[in-house]
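Numbering (UniProt numbering), first residue to last: 1 to 552. Ideal placement from N, C-alpha and C gives every residue a C-beta, glycine not left out.
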C-alpha cells in the first residue's frame, strides 16, 4: 500500500471519528490506545456483563472512582443504555458513555481473536429486557394513535395495569401484565426522561420526546411511590397542536362574547373549572387570536405545555424562588401588552394580576372554582378588595369537557319523562324534542364517543353585577343577576349540545349536572307551551317547535 493511500485512509478515519463525535456529542476513543489490559478488561467486562458487551458492541475502558467509562459503537442505543445504567446501579456505579468507530471496534476484536458476530443474549436477558423495550414502544404508539391524553402505568398486588385516558375516561389498554416486569418498565421510562432511577421513595417529574407521523410528541412524566411500586403517569403534549376559539366554543353567542373580552386593551379575564376541564387549551386559543407582531405577549406557566411561536413563555421554578407572582412583577418591567398567568392560586399572584389589569394590560388567568359566580367570590376570599374587582374584571368563563357522540353511530331517540326528571324544568317535554345516545361502531372503537366538546358559561361583568360585587354579594345573587341578564349556565349549555346531537344526556349528567346548577337554572327559566323545552331569555319563539313565546 502506498504512502498516499495510507494518508487518505488515515484522513478518512479521522473525518469519520469527528463526525461520530458531532453526531452523538460524546468523546471518541481509539481502542488501540485506550483499551485496558487483559486483566483489567476482564474485570470491567464482568461489571458490565460479557454477553451484553458482545450483543451491544460495548468496550469497557476504565473505572474512575464510582463511574465506569464504556465505549459504544452506537452511543444512542437506548436498550444498551438502559441495561448499563440498571446493571451498574445495582453495584453502586454510574455510567459515562464514549464512542468507538465501528471499524476500529472490529479491528480491535480481530486482533484479540474474537469474532465480530453480535452475540445472542442469554434467555434471561431476552425475557427481561427485549419485551420491556417492545412494550414501552407499544404503549407510546397506542396512546398517540388513539388520541389519548394520558398514560397510567400502575403496579398492583399481582399485576401491572396499563390504562389510557381517552376522551376524559380511563380505559384498559392491555391485558394485565406480570408484576415482575414493572421495575424494568418503570426504569426504562425514567431513563428516557433523565430521572434518577435509584430514587423510588420520592415523586419525580421529567419529560421525553418521540416523533410520530412526522410530528414531535412530548410526554410529561410523573412518578409516584405506591404500596406495590412506582406508578407512572405520562401526559401527551402534541407540539404541532394549534388552537382556535371558534373550534372550541360551539355556541355563537358565547364565542362572540369571549372574543370581545380578549380584544379589550386592558382588563382581567378569568377562565375557571376543575383540573382537566380544558382551561389551558382555552387560554392558548385566546392568545392565538391575539398573537400578532404588534403585541408583546408573555406567559407564566407551570409547566409550559405547548410552544407558542412569537410568545415569550416563562417556566415557574419554585425551587429557585421563581413563582407566578415574581414572574408577573418582572413582566410589568418588560413593556407587555398581554399577560397570561397559568394559574392564580394565591393572594400575591392574583393581586399582581389585578394590578396589571388596572394599569393598561390585558391579563388572562385561571382559577379552580365550579362556576363563574364562584370565581368572583373566590377573588374576594383571596383578599382582593371589591372596588379593585369591579375595576379590573372584564368577564369570567367557566367550562367543562364532555365526550362528543360519534357522528357515525349516534342514534336519535325520544327520552321518556322519567329519564328527563333529573334535569327538572330544563328538559320538560311532551316527547317532541329529539336527543341522541351512544351506540357502537369501528370509527369510535366501540365506545359510542369520539373526541370531546367544550361546555361554557360566560359571565360578562355588567353595571348591575358591578354594583352587586361592590356590595359583597353572594355567589347565588351574582348567578341570579347574570341569568336575568341572559347568561347561559353550564347546564343549559350542555343540554343545548345534547339537543344538537353533539353529546348525550348521560354525559351531561356525568360531567355537568349538580344540584346547585339545576336550582339556579330552573329558578330563572321559561318553558315553551308547545314542547315544554327551556327557552333562553332572548328567544321570542321556540326554536324547536316554533310556538310563540308566552311567559307568565
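Expressed to the nearest angstrom, what Euclidean distance is found between the alpha-carbon atoms of residue 395 and residue 271?
In the chain shown, residue 395 corresponds to position 395, counting from 1. In the chain shown, residue 271 corresponds to position 271, counting from 1. Going by the C-alpha atoms only, they are around 9 Å apart.
Under the three-state DSSP convention, the category residue 518 falls into:
Position 518 of the chain shown, counting from 1, holds the residue named residue 518. Residue placement at residue 518 is poorly supported in this model, since its pLDDT is 46, which falls under 50; the coordinates are not used for a value here.
Quick test of your reading: residue 73 and residue 100, contact by CB under 8 Å. State the CB separation rounded to the nearest angstrom.
Taking the chain shown and counting its residues from 1, the one referred to as residue 73 is at position 73. Taking the chain shown and counting its residues from 1, the one referred to as residue 100 is at position 100. Yes, they are in contact, since the Cβ atoms of residue 73 and residue 100 sit about 6 Å apart, within 8 Å.
Give the secondary structure of residue 33 by DSSP, where H, G and I count as helix, E and B as strand, and everything else as coil.
Working through the chain shown from its first residue, we reach residue 33 at position 33. In the structure shown, residue 33 sits in a helix (DSSP, three-state: H, G or I).
Measure the CB-CB distance between residue 237 and residue 193 and report whether it falls below 8 Å.
Reading the chain shown from its first residue, position 237 is the one you call residue 237. Reading the chain shown from its first residue, position 193 is the one you call residue 193. Against a cut-off of 8 Å, the Cβ pair of residue 193 and residue 237 comes out as no contact.
Beta-bridge pairing of residue 365 - partner residues as DSSP gives them
Along the chain shown, one-based indexing puts residue 365 at 365. For residue 365, the pairing in a beta bridge is given by DSSP as 270 and 341.
Assign residue 443 to one of three DSSP states: helix, strand, or coil.
For the purposes of this step, residue 443 is identified with residue 443 of the chain shown, where counting begins at 1. Residue 443: helix per DSSP, three-state reduction.
Own chain residues within Cβ distance below 6 Å of residue 125, not counting five before or after:
As a position in the chain shown, residue 125 is number 125, starting the count at 1. Per-residue confidence for residue 125 stands at a pLDDT of 39, beneath the threshold of 50, marking its modelled position as unreliable; the derived number appears in the next sentence. The answer is none, since no qualifying residue turns up.
May I have a chain-ordered list of the alpha helix (DSSP H) segments no shorter than 4 residues that lie completely inside the stretch 467 to 517?
Taking 4 residues as the minimum length, the alpha helix (DSSP H) runs contained wholly in the stretch 467 to 517 are 475 to 484, 490 to 499 and 505 to 511, in order along the chain.
Per-residue DSSP class, three states only, for residue 152:
Translated into positions along the chain shown, residue 152 becomes position 152. Of the three classes helix, strand and coil, the one that applies to residue 152 here is strand, per DSSP.
Leaving out five residues on either side along the sequence, give the residues of the same chain with a beta carbon under 8 Å from the beta carbon of residue 131.
Taking the chain shown and counting its residues from 1, one reaches residue 131 at position 131. In chain order, 181 place their CB closer than 8 Å to the CB of residue 131, counting only its own chain and leaving out the 5 sequence neighbours on each side.
At which residues does the beta strand (DSSP E) containing residue 231 begin and terminate?
Here residue 231 refers to the residue found at position 231 when the chain shown is read from its first residue. For residue 231, the enclosing beta strand (DSSP E) covers residues 229 to 238.
Please state if the CB of residue 164 and the CB of residue 142 are separated by a distance shorter than 8 Å.
Numbered from 1 along the chain shown, position 142 holds the residue referred to as residue 142. Numbered from 1 along the chain shown, position 164 holds the residue referred to as residue 164. Residue 164 sits close to residue 142, with the two beta carbons spaced by under 8 Å.
Does residue 211 come out as helix, strand or coil in the three-state DSSP assignment?
The residue labelled residue 211 in the question sits at position 211 within the chain shown. Look at residue 211 here: in three-state DSSP terms it is strand.
At the level of alpha carbons, what is the spacing between residue 253 and residue 370?
Position 253 of the chain shown holds residue 253. Position 370 of the chain shown holds residue 370. When rounded, the distance between both Cα atoms is 21 Å.
With a threshold of 7 Å (Cβ to nearest heavy atom), would residue 380 be considered close to the ligand MN?
This structure simply doesn't include the ligand MN, nor any ligand for that matter.
From what residue to what residue does the alpha helix (DSSP H) around residue 564 run?
Residue 564 lies beyond the range of the chain shown here (1 to 552); nothing can be said about it.
In the structure shown, what three-state DSSP assignment does residue 178 receive?
For this step, residue 178 is matched to residue 178 along the chain shown. Strand, per DSSP.
Answer with buried or exposed for residue 90, where buried requires no fewer than 16 other C-beta atoms within 10 angstroms of its C-beta.
Taking the first residue of the chain shown as position 1, residue 90 is located at position 90. Residue environment for residue 90: exposed (fewer than 16 other C-beta atoms within 10 angstroms of its C-beta).
Along the alpha helix (DSSP H) that carries residue 391, what are the first and last residues, could you check?
If you number the chain shown from 1, residue 391 lands on position 391. 386 to 392 is the span of the alpha helix (DSSP H), which, as asked, contains residue 391.
C-beta atoms of residue 353 and residue 328 nearer than 8 Å
The residue given as residue 353 occupies position 353 in the chain shown. The residue given as residue 328 occupies position 328 in the chain shown. Yes; because the gap between Cβ atoms is below 8 Å, this pair is in contact.
DSSP beta-bridge partners of residue 253:
For the purposes of this step, residue 253 is identified with residue 253 of the chain shown, where counting begins at 1. Residue pairing for residue 253: DSSP places it in no beta bridge.
Relative to the alpha-carbon of residue 175, which residue among 413, 108, 161 and 26 has its alpha-carbon at the smallest distance?
Counted from its first residue, the chain shown places residue 175 at position 175. Ranking the options by Cα distance to residue 175, first place goes to 161.
What is the DSSP secondary structure of residue 413, reduced to helix, strand or coil?
Residue mapping note: residue 413 aligns to position 413 of the chain shown, counting from 1. DSSP, read as helix, strand or coil, puts residue 413 in strand.
With a cut-off of 8 Å on the beta carbons, I'd call residue 211 and residue 136 a contact; round off their distance for me.
Here the question's residue 211 lines up with position 211 in the chain shown. Here the question's residue 136 lines up with position 136 in the chain shown. Not really, about 15 Å apart at Cβ, beyond 8 Å.
Run through the DSSP bridge pairs and tell me what residue 218 is partnered with.
For the purposes of this step, residue 218 is taken as the residue at position 218 of the chain shown. Answer is 209 and 237.
Integer Cβ distance of residue 198 from residue 108, believed to fall under 8 Å:
For the purposes of this step, residue 198 is taken as residue 198 along the chain shown, with counting starting at 1. For the purposes of this step, residue 108 is taken as residue 108 along the chain shown, with counting starting at 1. Going by Cβ atoms, the distance from residue 198 to residue 108 rounds to 33 Å, so no, they are not a contact pair.
On the three-state DSSP scale, how would you describe residue 26?
The count along the chain shown starts at 1 and reaches residue 26 at position 26. DSSP places residue 26 in coil when its eight states are reduced to three.
Candidates 63, 56, 92 and 93, of which the one nearest residue 77 by Cα
Residue 77 sits at position 77 when you count from the first residue of the chain shown. It is 56.
Going straight from the alpha carbon of residue 195 to that of residue 228, what length do you get?
Your numbering for residue 195 matches position 195 in the chain shown. Your numbering for residue 228 matches position 228 in the chain shown. Between residue 195 and residue 228, the C-alpha separation is close to 20 Å.
Which residue comes first and which comes last in the alpha helix (DSSP H) that contains residue 553?
Within the shown structure, residues of the chain are numbered from 1 to 552, placing residue 553 beyond reach of any answer.
So what's residue 376 in DSSP terms, helix, strand or just coil?
Along the chain shown, one-based indexing puts residue 376 at 376. DSSP places residue 376 in helix when its eight states are reduced to three.
Closest Cα partner of residue 250 within the set 510, 499, 184 and 360
Position 250 of the chain shown, counted from the start, is the residue given in the question as residue 250. Of the candidates 510, 499, 184 and 360, the one whose C-alpha sits nearest the C-alpha of residue 250 is 499.
If you measure between the beta carbons of residue 492 and residue 397, is that distance less than 8 Å?
Taking the chain shown and counting its residues from 1, the one referred to as residue 492 is at position 492. Taking the chain shown and counting its residues from 1, the one referred to as residue 397 is at position 397. Cβ distance not < 8 Å, so residue 492 and residue 397 don't count as in contact.
Near residue 149, what residues of its chain come up, given a Cβ to Cβ distance below 8 Å and the 5 sequence neighbours on each side ignored?
Here residue 149 refers to the residue found at position 149 of the chain shown. The answer, listed in chain order, is 165, 166, 168, 235 and 236.
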